[in-house]
Every structure is written in C-alpha cells, then in structure tokens.
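Heads up: the sequence shown runs through residues 241 to 471, numbered per my numbering.
Where is the CB? At the ideal position from N, CA and C, for every residue including glycine.
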Amino acid sequence: MQSVVDELVNWSTSNHMNINSRNTKEMILGSMRKQTVSPVMISQETIEQLTSFKRFGVTVSDSLRWGDHVAAVTAVTAKASKRLRFLKKLKRAGVTQSDLVYCYEAVIRPVMEYTGRGWHSSLTSEQSKTIETVQRRACQIIIGGGTYSSNCSSLKQWTAFILDVNSKPKKLFNQVVNKPEHCLHYLLPTARKQSVTDRLRPANKLPRIFAKTNRFKNSCICYSLNSLRCE
C-alpha cells in the first residue's frame, strides 16, 4: 500500500499538486480490516486510520454496513430528529396542516433520504424501522392521534417512508441503463443480444448478477439488476 501511495505522491508532485496529509484519512474496507495493516505515510507524516468517516453527508463504515449512517441521521441528537422541534413550534403557532407537511418535506425528510438510492437496498429491517420512526413522530406532531397508516392515508401523498425510498432507484437505474455516458454505466454487465431477448418472455436486456454474499446482493447495482426491470 505504501508503494502505491508513494507513486501517487510522486505523480502529484510532478504535476505541481500537493497532497494535504492532515486532511487525508485511511480506511481499511472489507475483510482486510481484520488484519493488522501498517498505516501509510505521506511526507513523513502518518495518515490516520478510521473505522467510519462522514463525507458529503454520508457516513461510511469499514464494515460497508449502514448502521453508522442510520444512527447519524435518526439519533435524538441527529439533524433530522432535531428539526422535528421546528414542527412542534410551528404547530403551537397555529400553522396550517398543509404548511406543516410542506415544512417536513422540505426541511426534514431530505435529510433522511439523502443519497437513499445508493444505500436503501442494503438496510436491515431494523434499520428501516429506525428511519421510519422519524416520520412516525412527524405524523404525530402534524396530525395528532390515530395510527401511523391512517395518518399517512389522510395525508394522501405520503407513503411509508421506506416504501417511498425503495421506489426511487428505478428512475436512476433506467438512466444508468439508457445513457452510456452515465458515470455508473460501466458497472453494468454486457447487454444480451436482441436475438436472445426476443425469445424470452420477460425481455430484460441485462442479465442478472449471481452474488455469493448478501452484502453484494443488496448493493445498489446488483439489487437493481435483480429486482428492477429496465425500460
């Protein structure tokens, strides 16, 4: 690993760029994290090794699971939970129900579903329920009594949060499939020949990916290929 880093440093130096070692972090992913790996060095400075790291609003852990991200979004001290306080204050101030719904959808819900197309399929059922609790609390604030399902029905445009998040990747997946210039298009397997798809009843032009582990099976591209039909 150190030799690769040295090559990167030499390349950046020859191209008149400097790597800030203080802002550089190292994370060992997958099964390699169980091994003892010496930290890399840049400009005689040791790079800090992390088990989880937040970047652009997404918390990634070295286990490639999403427990840390869900906790960062839904904990009592987290951003989404904190913003429920604004709903309570607006409700006490006599704001109409439609305006409360607008506030939730504009200020709170985007925090929970941010980049959800990439991680939703890898959530466990317990993590899905944890995210759902924030919307349950919002329903109680906006409407008051009643069950969660009845509250969602009364708001008409609302569905259970995790069901709504699960429906969004289809649009992204179709964009990846139909646009060769898309930055994720190279991750797709080779398309089937038309002579083959013409003989198949479910004429999906992309073959499924057979995954050995549930983690890979539930990853974004693999999940989309195996669960969604490209259009």
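Contact under 9 Å by Cβ, residue i with residue j
i: V298; j: Y354; result: yes
i: Y344; j: A378; result: yes
i: D302; j: I268; result: yes
i: V341; j: I371; result: no
i: T323; j: I348; result: Per the sequence shown, the amino acid found at residue 323 is Arg instead of Thr. Yes.
i: V351; j: V300; result: no
i: S283; j: I259; result: yes
i: C460; j: S368; result: no
i: L446; j: P429; result: yes
i: S252; j: E285; result: no
i: A320; j: V280; result: no
Residues near residue i by beta carbon distance below 7 Å, same chain, minus five either side
i: K265; result: I287, E288, L290, F293
i: R376; result: Y388
i: D308; result: S292, T299, S301
i: G270; result: L304
i: I449; result: P429, C462, L465, N466
i: Q337; result: I382
Cutoff 8 Å; reference residue i; Cβ partners in own chain excluding five residues on either side
i: T453; result: none
Simplified DSSP state of residue i, which is helix, strand or coil
i: F293; result: strand
i: K265; result: strand
i: I382; result: helix
i: S301; result: strand
i: E421; result: coil
i: T336; result: coil
i: I287; result: coil
i: M281; result: strand
i: M272; result: helix
i: N250; result: helix
i: S464; result: helix
i: I259; result: coil
i: M352; result: helix
i: F326; result: helix
i: R377; result: helix
i: L403; result: With a pLDDT of only 45 at L403, under the threshold of 50, the placement of this residue in the model should not be trusted, and no figure is reported.
i: R448; result: coil
Buried versus exposed call for residue i [16 or more other C-beta atoms within 10 Å across all chains shown]
i: V277; result: exposed
i: S435; result: exposed
i: C462; result: buried
i: W306; result: buried
i: W359; result: buried
i: L465; result: buried
i: I402; result: Legend: pLDDT at I402 = 48, less than 50; position of this residue unreliable, no value from coordinates given.
i: L327; result: buried
i: A315; result: exposed
Any chain B beta carbon closer than 9 Å to residue i
i: N250; result: Going by chain labels, chain B is absent from the structure shown, which holds only one protein chain.
Same chain, Cβ closer than 6 Å to residue i, neighbours up to 5 away in sequence not counted
i: L424; result: V416
i: K457; result: A451
Inter-residue CB distance, residue i and residue j (contact presumed, cutoff 8 Å)
i: R357; j: L412; result: 5 Å
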